[in-house]
Amino acid sequence: MKTQPFNTPIHVENPDTGVEQTVKTVRQAKTMLDDGWPAFHGSQHHHAEEVCEAALHGETASGEARRAFIAAAIEAHFHIH
Numbered sequence: 001m002k003t004q005p006f007n008t009p010i011h012v013e014n015p016d017t018g019v020e021q022t023v024k025t026v027r028q029a030k031t032m033l034d035d036g037w038p039a040f041h042g043s044q045h046h047h048a049e050e051v052c053e054a055a056l057h058g059e060t061a062s063g064e065a066r067r068a069f070i071a072a073a074i075e076a077h078f079h080i081h
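With the UniProt record's numbering, the residue at position 1 of the sequence shown is 1, and numbering never jumps.
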């Protein structure tokens, strides 16, 4: 599996806990989707999990995973800095 960096890191704040995190790679995004997500998991979350997994296997670009992660974060009401 590849750990693909994002061109620009994503700074997010969890709406439930207020914890801020900087996501710099596809692996970090996937880990956050799996382990650090609020209870609400909408369709964008599911899509982001799939795209990140594909990027980790070299099947899609890190930019696509980044866009999917941002869409999921917006859907879950994360604050993006």
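Note that beta-carbon positions come from the ideal geometry of N, C-alpha and C, so glycine has one too.
Per-residue DSSP class, three states only, for residue i
| i | result |
| --- | --- |
| H11 | strand |
| Q4 | coil |
| E59 | coil |
| T22 | strand |
| H45 | helix |
Sequence-distant residues of its chain with Cβ nearer than 7 Å to residue i (five each side left out)
| i | result |
| --- | --- |
| E64 | V51, A55 |
| A29 | V23, C52, A65, F69 |
Other residues of its chain near residue i: CB distance less than 6 Å, five sequence neighbours each side excluded
| i | result |
| --- | --- |
| V12 | Q21, A73, F78, I80 |
| E75 | G42, Q44 |
| D16 | P38 |
| E49 | L33 |
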